[in-house]
Amino acid sequence: MTRRLLLSYLSLTIVILLGFGVSLGLTYASDQRQRAQRLFEREAAVLADLVEQDIRLKDYEDLPRLAAEYARLSDGRVLILDRQAKVLASAPESTTAALSDGEQRDLMTALAGGRATSMRDSVTLGTEVFSVAVPAASGGTTLGAVHLAAPTDEVTEAIHRVVVALAVGALAILGCVAGVGVALARWTTRPIRALENATDRLAGGVLDTPAATNIGPPELRRLAATFNHTAKRLQLLVEQQRGFAADASHQLRTPLTALRLRLENLEPDLAQSGQANLDAAITEIDRLADLVEQLLSLARLEEGGATPAVVDLDEVVAGRIANWTTPAGEQGVHIAVAGVPPGEVLAVPGTLEQILDNLLSNALRVAPRGSTITIDRRRLGRPGMPAVVGDVLLHVRDQGPGMSAEQRRLAFNRFWREPGAAKGGSGLGLAIVARLVQASGAHITLDDAPGGGLDAVIALRPARTEPVLSRLSQYRARHRHGLRERTPAVSASR
Ligand SMILES: Nc1ncnc2c1ncn2[C@@H]1O[C@H](COP(=O)(O)OP(=O)(O)O)[C@@H](O)[C@H]1O
Ligand SMILES: [Mg+2]
C-alpha cells in the first residue's frame, strides 16, 4: 500500500511538473527568439539608415568598414546591395551566390521596399541564423538593401541552460515529493497494518492484544479504538459462552443422573402394566443424557485451542477394539482389524478415540447379526517424501444398509438423522466427528463399502516421513508385509 500511495503521489507530481515545465520552457524559448529577432531588426534598420546616404551619393568608400564592424558586432554576416542587387559591401568575405534561396528571397523583398525576417539554415555560416533584410530607402524610394544574418547559437544556448535548470528543478521537486510521500504513506499505512495484525490475531482467537490507537490519521485512530471496543465485547461474550458450557455441563448432568436413579427406584413399586412405560422413560433419559454429553463436547470443541500432537494410532485402535468387543458380541457382530499398523500419526490427543467410538456405534446400530465391522488401517508408501494428510488411511467398514449419496451429503449436519433411523442417537455424532477430524488437520469421507454397507475413511498425516530403505531393508519390509497380508484379519469377536 505504501508503494501504491507513493506511486500515485509521484505520478501526479510528474504530470503537474511536465505540464508546467513544458509550457514554461516553450514560452521562454519563443520569447527569447522573438527578442533576439527584434534586436537584429533594429540593428539592420540602423545600418540601413547609415548606408542610405552613401548609396544615394554613390560614395561607397565607407561601406566595407561599416559592414565589417556590424559583422564583428553581431558575430554574423552583413551584405549591402544597391537597387540593382549589386553587392556594394559584404563582411566577412562572401558573395550573394553563397546565399540560400530563402535569403535571396528575403533580399528581393527588401529591394522591393518590404522587410523580411526569418530563422533559417545559412549556407555560408553553416548554422541556423536569424536572417533580416531591410530596404535602404530615402523619401519613399528604395535605393538598396541591407541583409544581416547572425547565428542563433547564443540564444539556443541560453534556452538550453534554462531547460536544464528547469529539469534539475523538476527532479529536485520529485525527490522532495518522494521523501514527503514516503513519510506520509508510512504514517497512513502503519496504523492500517497494525489494525490488520490485530484482526488476524482476533481471527486466530487471540483477543487480548489491542490495536494501537495513538498512530496515524485521526480517522484511523478512531477506527482502531472502535475495533478494540468490539474485540473486548467479543472477548466478554466468548468468555460468557465458555462459562455457560462449563456450567451447563454440571447443572444438567446431575439432575439427569438423579432422575434416572429415581426412575429405577420406582421399579419395585410399579405394577407389571407400567413396566414398559418405565423402560421407555429410562431409554429417553439415557438419550437425553447422551444428547447433553454430545452437545457439550461440541461446545468444548468450538472453543478451539487444541493442537495436533503425535498419537500412537495402533494403541488407539487396540484400545477401541477392546472396548467394543463385548457390546458387539452381544449383538452377534464381530469386529475385525485389517491392514498394517501405521504407527504414529498427528491428531489432537483424545480425538481419535472419540471418532472411532462414534463411527463404531453408528456401524453397530445398523450391522446385521452375524456381520463383521472392519477397522482397516494402513500407511501408503511414499519413502523419503514429506508426510502429508492421506499417507495414513483409517477405515471403519460395516455390512449394513449403507447410505445414499444424498444421505452422505447431509450426514455431517448437526441433528441430521435419517428419517426412521433406529432409536437412540441425537444426530450429532457425525457432526462432532467432522469437527474432531478438522481439529486434527485430517479429512473424512463416507464411501460405499465393497459388497454394501458404509465405509467411513479418515485420511491422517503420519507423524514422520517414511524413511528411504536400503535394498535389503526393502526386501525385509516386503517380506514382513507379505507375511502380514497372508495372516487372516484378526477377529476381535465372534
Ligand atoms: N454406518 C452407517 N450406516 C448407515 N447409516 C448411517 C451410518 N452412520 C450414520 N448413519 C446415518 O447418519 C445419521 C447421523 O449419524 P450421527 O450423526 O452419528 O447421528 P446419530 O448416530 O446420533 O443418529 C444416522 O442417524 C444414520 O441415519
Ligand atoms: Mg452416531
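In the working numbering, the protein residues as written are 676 to 1169.
Here a beta-carbon is modelled for each residue, glycine too, at the ideal position from N, C-alpha and C.
Remember, it's a predicted structure, so these values are computed and weren't measured experimentally.
- Task: Assign N1033 to one of two classes, buried (16 or more other C-beta atoms within 10 Å of its C-beta) or exposed (fewer than that).
- Result: Here residue 1033 refers to the residue found at position 358 of the sequence shown. Answer is buried; the Cβ neighbour count reaches 16.
- Task: Please determine if the segment 1122-1130 and the segment 1073-1086 are in contact, where contact requires at least 3 C-beta pairs separated by less than 8 Å.
- Result: These segments touch.
- Query: Could you give the residue range of the alpha helix (DSSP H) that holds T702?
  - Reply: Here residue 702 corresponds to residue number 27 of the sequence shown, with the count starting at 1. Per DSSP, T702 belongs to the alpha helix (DSSP H) from 677-731.
- Which word fits V1023, buried or exposed, when buried means at least 16 other C-beta atoms lie within 10 angstroms of its C-beta? The residue labelled residue 1023 in the question sits at position 348 within the sequence shown. Buried, because 16 or more other Cβ atoms sit within 10 Å of the Cβ of V1023.
- Query: Any idea which residues DSSP pairs G880 with across the strands?
  - Reply: Counted from its first residue, the sequence shown places residue 880 at position 205. Bridge partners of G880: none, in fact.
- Item | Residue nearest to G751 in terms of C-alpha spacing, selected from G1116, H822, R876, D776 | The residue labelled residue 751 in the question sits at position 76 within the sequence shown. Looking only at G1116, H822, R876, D776, the smallest Cα-Cα distance to G751 is reached by H822.
- Say the cut is 7 Å; is the CB of N1033 nearer than that to a heavy atom of ligand 3? For ligand 3, the structure offers nothing, since it holds only ligand 1 and ligand 2.
- Message: Between the alpha carbons of S1168 and R1139, how many angstroms are there, rounded?
- Response: For the purposes of this step, residue 1168 is taken as residue 493 along the sequence shown, with counting starting at 1. For the purposes of this step, residue 1139 is taken as residue 464 along the sequence shown, with counting starting at 1. Residue placement at S1168 is flagged as unreliable, the pLDDT there being 36, under the threshold of 50; the coordinate-derived value follows with that caveat. Answer to the nearest angstrom: the Cα atoms are 32 Å apart.
- Message: Please list the terminal residues of the continuous alpha helix (DSSP H) segment that includes D1032.
- Response: Indexing the sequence shown from 1 puts residue 1032 at position 357. Annotation: the continuous alpha helix (DSSP H) that includes D1032 extends over 1026-1041.
- Task: Using the DSSP secondary-structure output, state which residues sit across from S765 in a beta bridge.
- Result: Taking the first residue of the sequence shown as position 1, residue 765 is located at position 90. Per DSSP, L754.
- Item | Residues sharing a beta bridge with S1046, DSSP | The residue given as residue 1046 occupies position 371 in the sequence shown. In DSSP, S1046 forms no bridge with anything.
- Task: Give a yes or no on contact between the segment 998-1018 and the segment 1033-1052, applying the rule of three or more CB pairs nearer than 8 Å.
- Result: Result yes; three or more Cβ-Cβ pairs closer than 8 Å.
- Beta-carbon proximity check, L738 vs I755, cutoff 8 Å: The residue you call residue 738 lines up with position 63 of the sequence shown. The residue you call residue 755 lines up with position 80 of the sequence shown. For L738 and I755, yes; Cβs fall inside 8 Å.
- Message: Measuring only the C-alpha atoms, how far is L682 from T901?
- Response: Your numbering for residue 682 matches position 7 in the sequence shown. Your numbering for residue 901 matches position 226 in the sequence shown. Straight-line Cα distance between these residues: approximately 30 Å.
- Going by the CB atoms, is the gap between A760 and V753 shorter than 8 Å? Reading the sequence shown from its first residue, position 78 is the one you call residue 753. Reading the sequence shown from its first residue, position 85 is the one you call residue 760. Against a cut-off of 8 Å, the Cβ pair of A760 and V753 comes out as no contact.
- Where L849 and P866 are concerned, what is the direct C-alpha to C-alpha distance, given to the nearest angstrom? Position 174 of the sequence shown holds residue 849. Position 191 of the sequence shown holds residue 866. Taking C-alpha positions only, L849 is separated from P866 by approximately 26 Å.
- Query: Grouping DSSP H, G and I as helix and E and B as strand, with all else coil, what is V986?
  - Reply: In the sequence shown, counting from the first residue as 1, residue 986 sits at position 311. Reduced to three states, the DSSP call for V986 is strand.
- Integer-rounded CB distance, given that P983 should sit under 8 Å from L1021: Looking up residue 1021 in the sequence shown gives position 346. Looking up residue 983 in the sequence shown gives position 308. About 4 Å separates the beta carbons of L1021 and P983, which is inside the 8 Å limit, making them a contact pair.
- Any non-hydrogen atom of ligand 2 within 7 Å of S972 CB: Within the sequence shown, numbered from 1, the residue matching residue 972 stands at position 297. No, since every heavy atom of ligand 2 falls outside the 7 Å radius drawn around the Cβ of S972.
- Item | Backbone CA spacing between P885 and A869 [nearest angstrom] | By 1-based counting over the sequence shown, the position of residue 885 is 210. By 1-based counting over the sequence shown, the position of residue 869 is 194. Rounded to the nearest angstrom, the two C-alpha atoms are 9 Å apart.
- Message: Considering only heavy atoms of ligand 2, does any lie closer than 7 Å to the CB of G1077?
- Response: Against the sequence shown, residue 1077 aligns to sequence position 402. Placement of the Cβ of G1077 at a distance of 7 Å or more from every heavy atom of ligand 2 is found.
- State whether the segment 836-845 contacts the segment 696-715, with contact taken as three or more CB pairs (one from each stretch) at a distance under 8 Å. Three or more Cβ pairs drawn from the segment 836-845 and the segment 696-715 lie within less than 8 Å of each other, which places the two stretches in contact.
- Item | Of the listed residues D922, L971, S793, G844, nearest to I1107 (C-alpha basis) | For the purposes of this step, residue 1107 is taken as the residue at position 432 of the sequence shown. Of D922, L971, S793, G844, the smallest CA-CA separation from I1107 is found for L971.
- Buried versus exposed, by CB contacts within 10 Å (16 or more), Q712: Here residue 712 refers to the residue found at position 37 when the sequence shown is read from its first residue. Its Cβ being crowded by 16 or more others within 10 Å, Q712 is buried.
- Query: Do the CB positions of L1069 and I1133 come within less than 8 Å of each other?
  - Reply: As a working mapping, residue 1069 is identified with position 394 in the sequence shown. As a working mapping, residue 1133 is identified with position 458 in the sequence shown. Taking 8 Å as the Cβ cut-off, L1069 and I1133 qualify as a contacting pair.
- Message: Within a Cβ cutoff of 6 Å, which residues of the same chain sit near R1040, ignoring the five residues on either side of it in sequence?
- Response: Counting from one through the sequence shown, the residue named residue 1040 turns up at place 365. By the criterion of a C-beta distance shorter than 6 Å, R1040 is surrounded in its chain by A1097, once the five residues flanking it on both sides are discounted.
- Task: Answer with yes or no whether the minimum CB distance from Q916 to chain C is below 8 Å.
- Result: No chain C is present in this structure, which holds just one protein chain.
- What separation, rounded to the nearest whole angstrom, lies between the Cα atoms of T770 and Q779? Sequence index remark: in the sequence shown, residue 770 carries index 95 (1-based). Sequence index remark: in the sequence shown, residue 779 carries index 104 (1-based). In this predicted model, T770 has a pLDDT of only 49, less than 50, meaning its place in the structure is not dependable enough to derive any value.
- Reduced DSSP secondary structure (H/G/I, E/B, other) of I890: Reading the sequence shown from its first residue, position 215 is the one you call residue 890. Three-state DSSP puts I890 in coil, outside helix and strand.
- Assign I691 to buried or exposed, taking buried as 16 or more other Cβ atoms, counted over all protein chains shown, within 10 Å of its Cβ. Counting from one through the sequence shown, the residue named residue 691 turns up at place 16. With fewer than 16 neighbouring CB atoms inside 10 Å of its own CB, I691 falls in the exposed class.
- Query: Quick one: does the C-beta of V1112 sit closer than 7 Å to a heavy atom of ligand 1?
  - Reply: Position 437 of the sequence shown, counted from the start, is the residue given in the question as residue 1112. Proximity of the beta carbon of V1112 to ligand 1 is not indicated: no heavy atom of the ligand is located closer than 7 Å.
- In angstroms with no decimal places, state the Cα-to-Cα distance between A824 and R861. Taking the sequence shown and counting its residues from 1, one reaches residue 824 at position 149. Taking the sequence shown and counting its residues from 1, one reaches residue 861 at position 186. Between A824 and R861, the C-alpha separation is close to 60 Å.
- Message: So within the segment 1080-1125, which uninterrupted beta strand (DSSP E) runs reach at least 3 residues, ignoring any that extend past its ends?
- Response: Those beta strand (DSSP E) runs which fall completely within the segment 1080-1125 and span 3+ residues are 1118-1123.
- Would you kindly work out how many angstroms separate the C-alpha atoms of R975 and Q916, rounded to a whole number? Reading the sequence shown from its first residue, position 300 is the one you call residue 975. Reading the sequence shown from its first residue, position 241 is the one you call residue 916. Cα to Cα, the separation comes out at about 10 Å.
- Task: Please indicate yes or no: does the CB of G1104 lie closer than 7 Å to some heavy atom of ligand 2?
- Result: Taking the first residue of the sequence shown as position 1, residue 1104 is located at position 429. At a cut-off of 7 Å, the beta-carbon of G1104 counts as near ligand 2: some heavy atom of the ligand is closer than that.
- How big is the Cα-Cα spacing for F695 and T874? Stepping through the sequence shown from its first residue, residue 695 is reached at position 20. Stepping through the sequence shown from its first residue, residue 874 is reached at position 199. If you take the alpha carbons of F695 and T874, they lie about 45 Å apart.
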